[in-house]
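Residue numbers (my numbering), protein chains in the order written: chain A, 242 to 339; chain B, 19 to 218. To start, the structure itself, in structure tokens.
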């Protein structure tokens, strides 16, 4: 079992009606991706979130990050003209082969 | 009454550079954050497309078809980088911030936020804050500090918006591993942004 999987075991075996912040943030991210949580997990997460302002801050910041990644990493960056010319030459020479 | 015939999409390789080079380059650059790699990916895309053009059925537009080839190449690159990271083992270890950095592992209650590294309020008044050029630089720098596998998972999820099942299949990781990676990567990104941008 890899160390990553041991972490997951930790999440699944120790989870009762109350969650710690480590478990809550893990479940929050699953929920963010529309994964279906069990009733017990849903209840425990809701309860934890109502009590924990740090995890509520994490939830808001996670949403901000998602939005920021979409906005900032989808900008138009132009290909340098010289590279375009080189590519044009390459494509034309390839086309002439056929 | 007969169905109207749809106009089939056709390929026009002579015009590929003028019509699609900027879009494809931009698409690649935003995902690999390196101009040389982006240029190589676009070149490989065009060459592969030329070879495969006889198989183009015209069901999708030329642009969609070229993007799908480029996407495939980017995923191959992610997979290659994840399997053979250029980061040394030591560097990779350094980049991987341990869970214990964020959550307590001893004491009466385990797994609570460590006070020093817990989320602080981000006073972001409106969207314009995250549209600044400076923010983009910090975001890319934070992404590049993730271990290669995490960065691959993160990009596929948040940029490509791929389903978790697809990502696991592409990168040959288990579902449990996937969620732990997402969790740790998000914690690390959050902290990096908070330190370098929010407080700046």
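The beta carbon of each residue, even a glycine, is placed where N, CA and C say it ideally should be.
Check: Given residue 31 of chain B as reference, the closest of B:66, B:45 and B:160 once Cα atoms are compared; Outcome: B:66
Check: Residue 336 of chain A: contacting residues in chain B (beta-carbon distance under 9 Å); Outcome: 31, 32 and 68
Check: Nearest candidate by alpha-carbon position, reference residue 157 of chain B, set B:40, B:198, B:101 and B:204; Outcome: B:204
Check: Buried versus exposed call for residue 35 of chain B [16 or more other C-beta atoms within 10 Å across all chains shown]; Outcome: buried
Check: Integer Cβ distance of residue 59 of chain B from residue 92 of chain B, believed to fall under 8 Å; Outcome: 6 Å
Check: Reference residue 45 of chain B; option with closest CA among B:173, B:68, B:120 and B:159; Outcome: B:173
Check: Length of the line joining the Cα atoms of residue 285 of chain A and residue 259 of chain A; Outcome: 5 Å
Check: contact_flag[the stretch 134 to 144 of chain B, the stretch 194 to 214 of chain B] where n(CB pairs < 8 Å) is 3 or more; Outcome: yes
Check: Closer than 8 Å: residue 139 of chain B CB and nearest the ligand GDP heavy atom; Outcome: Looking for the ligand GDP in the displayed structure turns up nothing, as the structure carries no ligands at all.
Check: Residue 1 of chain B versus residue 126 of chain B: straight-line alpha-carbon distance, rounded; Outcome: A question about residue 1 of chain B goes unanswered here, because the residues of chain B that appear run from 19 up to 218.
Check: Against chain B: residues of the stretch 299 to 317 of chain A by CB proximity under 8 Å; Outcome: 299, 301, 302, 303, 305, 306, 307, 308, 309, 310, 311, 312, 313, 314, 315, 316 and 317
Check: Rounded straight-line distance, which links the Cα of residue 301 of chain A to that of residue 313 of chain A; Outcome: 18 Å
Check: Residues of the stretch 85 to 101 of chain B with Cβ closer than 7 Å to any Cβ of chain A, in chain order; Outcome: none
Check: Chain A contacts made by the stretch 51 to 65 of chain B, where a contact means CB separation under 9 Å; Outcome: 51, 53, 56, 57, 60, 61, 64 and 65
Check: Residue 284 of chain A in three-state terms, based on DSSP; Outcome: helix
Check: Reduced DSSP category for residue 121 of chain B - H, G, I as helix; E, B as strand; rest coil; Outcome: strand
Check: Sufficient close CB pairs (3 or more, under 8 Å) joining the stretch 160 to 173 of chain B to the stretch 188 to 203 of chain B; Outcome: yes
Check: Cross-chain neighbours of residue 159 of chain B in chain A, by beta carbon under 7 Å; Outcome: Ordered by position in chain A, no residue passes the 7 Å Cβ test against residue 159 of chain B, which lies about 12 Å from the chain.
Check: Selected residue, minimal CA-CA separation from residue 63 of chain B, among B:86, B:188, B:47 and B:183; Outcome: B:86
Check: Distance, residue 159 of chain B Cα to residue 84 of chain B Cα; Outcome: 28 Å
Check: Buried or exposed by the 16-neighbour rule on C-beta atoms within 10 Å, applied to residue 289 of chain A; Outcome: buried
Check: Contact check, residue 178 of chain B vs residue 89 of chain B, beta carbons under 9 Å; Outcome: yes
Check: Neighbour flag for residue 290 of chain A against chain B, beta carbons, 9 Å; Outcome: no
Check: Min CB distance residue 329 of chain A to chain B below 9 Å; Outcome: yes
Check: Three-way DSSP call (helix, strand, coil) for residue 34 of chain B in this model; Outcome: helix
Check: Residue 282 of chain A: contacting residues in chain B (beta-carbon distance under 8 Å); Outcome: The contacting residues do not exist; residue 282 of chain A stays about 13 Å from chain B at best.
Check: Of the residues A:264, A:323, A:335 and A:317, the one placed nearest residue 299 of chain A, counting alpha carbons only; Outcome: A:264
Check: C-beta contact flag for residue 129 of chain B and residue 262 of chain A at 9 Å; Outcome: yes
Check: Contacting residues, own chain, Cβ-Cβ under 6 Å from residue 206 of chain B (five flanking each side not counted); Outcome: 115
Check: Beta-bridge partners of residue 131 of chain B, as assigned by DSSP; Outcome: B:121
Check: Bounding residues of the alpha helix (DSSP H) (the contiguous stretch that carries residue 52 of chain B); Outcome: Residue 52 of chain B -> no alpha helix (DSSP H), and no H or E assigned at all.
Check: Cα-Cα separation, residue 28 of chain B to residue 79 of chain B; Outcome: 8 Å
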